[in-house]
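Asker: Below are the structure tokens for one structure; questions will follow.
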């Protein structure tokens with residue numbers, strides 16, 4: 218029997234979840250007998266082993282993720298080199314990310330994140346300004362955050378947040394996430410009315426969604442924490 222963590226709740230069905238730490242979590246109803254749960258897990262053994270291997274591979278790739286001079290990283294859907302440049306300044310000059318020489322990998326990553334965050338504030342907020350006018354909405358605040366699992370979010374008070382990681386995406390994908398969150402200032406759900414708002418502004422939003430999913434898979438094996 219594959220070892221697993223059992224989580225009981227008022228749910229009606231049993232389900233298996235592979236955690237980010239490559240552990241098996243079984244979510245089951247309060248009254249389901251342990252013997253039935255064990256039988257269910259045994260029947261799903263092949264599926265569990267496949268997905269555990271996939272998760273362990275992702276985790277191993279994340280552990281080995283480093284940045285150094287000469288590496289290429291994404292910005293607005295394009296790849297740019299990280300270059301050493303004499304002096305103490307760091308930034309992006311339109312052709313490459315430039316950093317002071319002789320930095321170690323950890324400092325390079327932290328510095329690149331600072332550059333990304335600064336650029337995200339400019340790029341994403343410009344998109345928000347453009348689309349808020351087109352949609353006739355005004356968010357109460359726009360913030361760039363270090364969110365790891367969500368590209369954007371909208372609070373009940375219409376404050377919208379974006380992950381700095383979004384600046385790695387193509388411009389049309391950035392615009393999609395912006396429109397998505399602005400639409401939430403009108404509809405705080407994912408109802409048909411919500412998607413109608415998005416579709417009115419971006420009729421090709423599903424294609425943009427797919428591009429965002431591809432980027433998410435790419436970043437899943439990179440450790441930007």
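Numbering (the working numbering), first residue to last: 218 to 442. The beta carbon of each residue, even a glycine, is placed where N, CA and C say it ideally should be. Quantities reported herein were computed from a predicted structural model and do not represent experimental measurements.
Please report the Cβ distance between residue 283 and residue 252, rounded to the nearest whole angstrom; I am assuming they are in contact, meaning their Cβ atoms lie under 8 Å.
Answerer: At roughly 47 Å, the Cβ-Cβ gap does not stay under 8 Å, so residue 283 and residue 252 are not in contact.
Asker: What residues match up with residue 250 in a beta bridge as DSSP calls it?
Answerer: In the DSSP output, where bridge partners are listed per residue, residue 250 has none listed.
Asker: Could you spell out the range, first to last residue, of the alpha helix (DSSP H) harbouring residue 282?
Answerer: Residue 282 -> no alpha helix (DSSP H), and no H or E assigned at all.
Asker: Excluding sequence positions up to five away, which residues of its chain have a Cβ less than 8 Å from the Cβ of residue 349?
Answerer: Answer for residue 349: 355, 356 and 399, listed in chain order.
Asker: On the DSSP bridge assignment, give the partners of residue 401 in chain order.
Answerer: None; residue 401 has no bridge partner.
Asker: Taking the beta strand (DSSP E) that residue 414 belongs to, which residues open and close that run?
Answerer: Counting along the chain, residue 414 falls outside any beta strand (DSSP E), though it belongs to the alpha helix (DSSP H) covering 409 to 418.
Asker: Determine the direct distance from the alpha carbon of residue 402 to that of residue 411, and round the result to whole angstroms.
Answerer: Rounded to the nearest angstrom, the two C-alpha atoms are 10 Å apart.
Asker: Within a Cβ cutoff of 7 Å, which residues of the same chain sit near residue 255, ignoring the five residues on either side of it in sequence?
Answerer: Excluding sequence neighbours, residue 255 sits near 218.
Asker: Can you list, in chain order, the residues of its chain with a C-beta nearer than 6 Å to that of residue 340? Leave out the 5 residues immediately preceding and following it.
Answerer: So the qualifying residues of the chain are 384.
Asker: State yes or no: is the C-beta of residue 310 within less than 8 Å of the C-beta of residue 344?
Answerer: Result no, Cβ atoms of residue 310 and residue 344 do not sit closer than 8 Å.
Asker: Do residue 280 and residue 290 count as a contact pair if the criterion is CB distance below 8 Å?
Answerer: No, the Cβ-Cβ distance between residue 290 and residue 280 is not below 8 Å.
Asker: Once you ignore the five residues that flank residue 306 on each side, which residues in its own chain have a CB closer than 8 Å to its CB?
Answerer: Once the five neighbours on either side are set aside, the close Cβ partners of residue 306 are 315 and 317.
Asker: Under 8 Å between the Cβ atoms of residue 246 and residue 229?
Answerer: Yes, these two residues count as a Cβ contact at 8 Å.
Asker: According to DSSP, residue 379 sits in a beta bridge with which residue or residues?
Answerer: Partner(s): 361 and 369.
Asker: Mapping DSSP to helix, strand and coil, what is residue 218?
Answerer: Of the three classes helix, strand and coil, the one that applies to residue 218 here is coil, per DSSP.
Asker: Considering only their Cβ atoms, is the gap separating residue 285 from residue 325 smaller than 8 Å?
Answerer: Yes, they are a contact pair.
Asker: For residue 337, count the other beta carbons within 10 Å of its own beta carbon; 16 or more makes it buried, fewer makes it exposed. Which is it?
Answerer: Answer is buried; the Cβ neighbour count reaches 16.
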